[in-house]
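K.L.:
Residue numbers (numbering that gives the first Met the number 0), protein chains in the order written: chain A, 0 to 263; chain B, 0 to 256.
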Amino acid sequence: MPLTKRKRAAYLRYAQYVLILALAAVVVLAADWGVLRDKFFNPDIIRDQFPDVLTVALKNTVVFTACGFAFGLALGLGLALMRLSSVGPWRWLSTGVIELFRGLPALVVFLALGVGFPRAFPQYEIPGGQLGTATLALGLVGGAYMAETIRAGIQAVPKGQYEAARTLGMSHSRAMVSVVVPQAFRIVLPPLTNELILLTKDSSLIYILGLSLDQYELTKWGREGMNSEANLTPIIVVGFCYLIITVPLSIVVRRMEAKAGRAR
Amino acid sequence: MTTTDATQGAPAARDAAAIDVQDLHKHFGENEVLKGIDVQVARGEVVCVIGPSGSGKSTLLRCVNLLEVPTIGRIFVEGVEVTDPDVDIDALRSRTGMVFQQFNLFPHMTVLQNLCISQRKVRKRGKEESVEVARRNLAKVGLAEKESAYPAHLSGGQQQRVAIARALSMDPDMMLFDEPTSALDPELVGDVLAVMKDLAAEGMTMMVVTHEMGFAREVGDKLVFMDDGVVVEEGLPSVVLSDPQHERTRAFLSKVL
Numbered sequence: 000m001p002l003t004k005r006k007r008a009a010y011l012r013y014a015q016y017v018l019i020l021a022l023a024a025v026v027v028l029a030a031d032w033g034v035l036r037d038k039f040f041n042p043d044i045i046r047d048q049f050p051d052v053l054t055v056a057l058k059n060t061v062v063f064t065a066c067g068f069a070f071g072l073a074l075g076l077g078l079a080l081m082r083l084s085s086v087g088p089w090r091w092l093s094t095g096v097i098e099l100f101r102g103l104p105a106l107v108v109f110l111a112l113g114v115g116f117p118r119a120f121p122q123y124e125i126p127g128g129q130l131g132t133a134t135l136a137l138g139l140v141g142g143a144y145m146a147e148t149i150r151a152g153i154q155a156v157p158k159g160q161y162e163a164a165r166t167l168g169m170s171h172s173r174a175m176v177s178v179v180v181p182q183a184f185r186i187v188l189p190p191l192t193n194e195l196i197l198l199t200k201d202s203s204l205i206y207i208l209g210l211s212l213d214q215y216e217l218t219k220w221g222r223e224g225m226n227s228e229a230n231l232t233p234i235i236v237v238g239f240c241y242l243i244i245t246v247p248l249s250i251v252v253r254r255m256e257a258k259a260g261r262a263r
Numbered sequence: 000m001t002t003t004d005a006t007q008g009a010p011a012a013r014d015a016a017a018i019d020v021q022d023l024h025k026h027f028g029e030n031e032v033l034k035g036i037d038v039q040v041a042r043g044e045v046v047c048v049i050g051p052s053g054s055g056k057s058t059l060l061r062c063v064n065l066l067e068v069p070t071i072g073r074i075f076v077e078g079v080e081v082t083d084p085d086v087d088i089d090a091l092r093s094r095t096g097m098v099f100q101q102f103n104l105f106p107h108m109t110v111l112q113n114l115c116i117s118q119r120k121v122r123k124r125g126k127e128e129s130v131e132v133a134r135r136n137l138a139k140v141g142l143a144e145k146e147s148a149y150p151a152h153l154s155g156g157q158q159q160r161v162a163i164a165r166a167l168s169m170d171p172d173m174m175l176f177d178e179p180t181s182a183l184d185p186e187l188v189g190d191v192l193a194v195m196k197d198l199a200a201e202g203m204t205m206m207v208v209t210h211e212m213g214f215a216r217e218v219g220d221k222l223v224f225m226d227d228g229v230v231v232e233e234g235l236p237s238v239v240l241s242d243p244q245h246e247r248t249r250a251f252l253s254k255v256l
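1) Could you compute how far the alpha carbon of B:Thr209 sits from the alpha carbon of B:Pro179?
2) List, in order along the chain, the chain A residues whose C-beta lies closer than 8 Å to that of B:Ala148?
3) Of the residues that make up the segment 153–178 of chain A, which ones have a beta carbon closer than 8 Å to any beta carbon in chain B?
4) Could you check what DSSP says for B:Gln39 in three-state terms: helix, strand or coil?
5) Using a beta-carbon distance below 8 Å, is A:Pro181 in contact with chain B?
6) Using the DSSP secondary-structure output, state which residues sit across from B:Glu127 in a beta bridge.
7) At 8 Å on the CB atoms, spell out the chain B contacts of A:Arg185, in chain order.
8) Would you say B:Phe99 lies against chain A (beta-carbon separation less than 8 Å)?
9) At which residues does the beta strand (DSSP E) containing B:Glu233 begin and terminate?
10) Taking CB distances under 8 Å as the criterion, tell me whether B:Ile116 reaches chain A.
11) Tell me the DSSP bridge mates of B:Gly74?
12) Where does the unbroken beta strand (DSSP E) through A:Val114 begin, and where does it stop?
13) Helix, strand or coil: which one does DSSP assign to B:Ile49?
14) Measuring only the C-alpha atoms, how far is B:Glu80 from B:Asn64?
15) I'd like to confirm the pairing. Which residues does DSSP put opposite B:Glu31 in its beta bridges?
16) Which chain A residues are close to B:Lys120, counting only those with a beta carbon under 8 Å from its beta carbon?
17) Chain A beta carbons: is any one of them nearer than 8 Å to that of B:Asp89?
18) Could you please give me the residues that DSSP links to B:Thr204 through a beta bridge?
19) Would you call the segment 82–98 of chain B in contact with the segment 49–56 of chain B, where contact means no fewer than 3 C-beta pairs closer than 8 Å?
20) For A:Val108 and A:Gly71, I'd like the C-alpha separation in whole angstroms.
21) Apart from the five residues on each side of it in sequence, which residues of its chain come closer than 7 Å, Cβ to Cβ, to B:Ala151?
22) Using C-beta distances below 6 Å, list every residue in its chain close to B:Phe176, excluding the 5 sequence neighbours before and after it, in chain order.
23) I'd like to confirm the pairing. Which residues does DSSP put opposite A:Phe49 in its beta bridges?
24) Just to confirm, is the Cβ distance from B:Val46 to B:Ile36 under 8 Å?
25) Do you know how far the Cα of A:Lys58 is from the Cα of A:Asp213?
26) If you reduce the DSSP assignment to three classes, tell me which class B:Leu222 lands in.
27) Work out the CA separation of A:Phe184 and B:Thr204 for me, nearest whole Å.
28) Leaving out five residues before and five after B:Phe258 in sequence, what residues of the same chain have Cβ atoms less than 6 Å from its Cβ?
29) Among A:Ser177, A:Ile205, A:Lys219, A:Leu188, which residue has its Cα nearest to the Cα of A:Phe138?
30) Quick one: is A:Tyr10 near chain B, going by C-beta distance under 8 Å?
31) In whole angstroms, what is the alpha-carbon distance linking B:Glu29 and B:Leu66?
32) Between B:Gly50 and B:Met225, how many whole angstroms is the CB-CB distance? I'm expecting something under 8 Å.
33) Return no unless some Cβ of chain A is closer than 8 Å to the Cβ of B:Ala5.
34) Anything in the segment 54–76 of chain B with a Cβ closer than 8 Å to a Cβ of chain A? List those residues in chain order, please.
35) Should A:Tyr161 be labelled buried (16 or more other beta-carbon atoms within 10 Å of its own) or exposed?
So, in structure tokens, the structure goes:
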């Protein structure tokens, strides 16, 4: 006897529940909980991590990311305005920079700045030491992505806004600064926050630059801890530290998107 | 016409008309939207431009303050040639108020900020003076109590009146209206028209693209009927509306009246 559509959908749903339960059972039964506890969630090692994992590693991750994001935001805005310029060379330059740093893996950018630059120009030095180099590298990577986001945001502001500003006698740049860009930033706040989450994770690549003990960020901290303890617990701890930063940020993004959705 | 006249906005030889459009052509690619327009607006005059959609009347208005760049022809505003490549267009626009169909208030600013921003940044007025001017103009359009509201919390009619007050806060020599009531619910049209009527009574020079025949008849000093990129007929509103001379005018009026 053929099933009705609704019945078939119901059976299919039950089948999925059963499948998920079965998978969970396999995991629970197959895992060696004693080893897991000892190697991944060792209470003694967890206790040893605090408070330094927060006051040193988490703090450094936040500082590196914040500096890189701030520089990237300024760079992204500049590149977006250049991209929209009526002057050809500005557009070409910004397109080149955007495509280059969007196309390269972040690791390659870090290697280029941290290892390549000092060899190519031994007489020069990137100011600000490790933090300066990290800011530059993270900013270039993030800025290239943010430029395209901001450009889309500027173009999403209705043309009438720009025209109204010009009609009131504002110059092109005054109209952009006072009227168009503030509205564009409202539009792109959710994707920019996503970019901040991505940069938080990209900051783990800073280890390439070689860090002193008090400069360890989360990933480096976790790796060093893992090696010295011969135990994976430190990695689990820093993993949670990343989530402490990123999960609230994604909740903020979801709220903003919901709000923007209602406003429309 | 010399460039010094253009930059200082001083009335030159042709001081008779507030707006003088001569042989204006506008192409959008292959499409010729305006095919040789001659229109004059005298100081203190209210000129209403009517015509079917696509006739080029909005484009004509947008050419007057160079939101659209004319392909051929010359336009003088208060004796200054707008179409002169050396003209200081920002200074000229700051003296030419424009009101749009879609209001175009700045949504991230309060009503008061909307009215003050260009006074501060373009006219370089101080904070107190600009607020005073803004409040005076808000009172004029009957919205004094809305100064700290954001545009999104106002009705369409209120937004349009704020837009008029914003333009007036720059103390313009003339006002351009681009279908100011076309995006409004019918019951809100009256308030906006009343504000425009008051403005006309004060002697403001106005060029109004509109579908409001009642307003044109009552307030307009001159009616310009455009169709297919040309001025078909112009004259006293009462005369054109009741006794149109051209077949195209008759056909249009029979549809809208």
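Here a beta-carbon is modelled for each residue, glycine too, at the ideal position from N, C-alpha and C. Nothing here was measured: the structure is a model prediction, and the numbers come from that model.
P.N.:
Quick look at the numbers:
1) The C-alpha of B:Pro179 is placed about 7 Å away from the C-alpha of B:Thr209.
2) B:Ala148 does not reach chain A, its nearest Cβ partner there being about 16 Å away, counting only Cβ pairs nearer than 8 Å.
3) The segment 153–178 of chain A vs chain B, Cβ under 8 Å: Pro157, Gly159, Gln160, Glu162, Ala163, Ala164, Arg165, Thr166, Leu167, Gly168, Met169, Ser170, Arg173, Ser177, Val178.
4) Note: B:Gln39 maps to strand in three-state DSSP.
5) At least one CB of chain B lies nearer than 8 Å to the CB of A:Pro181.
6) Partner(s): none; B:Glu127 has no beta bridge.
7) Within 8 Å Cβ-Cβ: His107.
8) So yes, B:Phe99 belongs to the interface.
9) Looking at the DSSP string, the run of the beta strand (DSSP E) that includes B:Glu233 is 229–234.
10) Chain A contact via Cβ: present.
11) It should be noted that the sequence gives Ile, not Gly, for residue 74 of chain B. Bridge partners of B:Ile74: B:Val20.
12) Looking at the DSSP string, A:Val114 is not in any beta strand (DSSP E), and its letter there is neither H nor E.
13) Here B:Ile49 sits in strand by DSSP.
14) B:Glu80 and B:Asn64: Cα-Cα distance of roughly 11 Å.
15) Answer is B:His26.
16) Residues of chain A passing the Cβ test: Met169, Arg173, Ser177.
17) Chain A, which has a Cβ nearer than 8 Å to the Cβ of B:Asp89, makes this yes.
18) DSSP output for B:Thr204 lists B:Met173 as bridge partner(s).
19) Because the criterion of three Cβ pairs below 8 Å is not met, the segment 82–98 of chain B and the segment 49–56 of chain B do not touch.
20) Cα-Cα distance, rounded: 14 Å.
21) For B:Ala151, where only same-chain residues beyond five positions count, the Cβ hits under 7 Å are Pro106.
22) Once the five neighbours on either side are set aside, the close Cβ partners of B:Phe176 are Val98, Val207.
23) Beta-bridge partners assigned by DSSP to A:Phe49: none are found.
24) The answer is no: Cβ separation not under 8 Å.
25) In a straight line, the C-alpha of A:Asp213 is about 10 Å away from that of A:Lys58.
26) Correct three-state label for B:Leu222: strand.
27) C-alpha separation (whole angstroms): 38 Å.
28) Past the boundaries of the shown model lies residue 258 of chain B; chain B is included only from 0 to 256, so the question cannot be answered.
29) Inspection of the sequence shows that residue 138 of chain A is occupied by Gly rather than by Phe. Distances from the CA of A:Gly138 to each of A:Ser177, A:Ile205, A:Lys219, A:Leu188 were compared; the closest alpha carbon is that of A:Ile205.
30) It does not; no Cβ of chain B falls within 8 Å.
31) Answer to the nearest angstrom: the Cα atoms are 19 Å apart.
32) Contact holds; Cβ gap of about 4 Å.
33) For B:Ala5, the predicted structure reports a pLDDT of 42, less than 50, and the residue's modelled location is therefore unreliable. The matter cannot be settled from this model.
34) For the segment 54–76 of chain B, the residues whose beta carbon sits under 8 Å from a beta carbon of chain A are, in order, Asn64, Leu66.
35) Buried is the call here.
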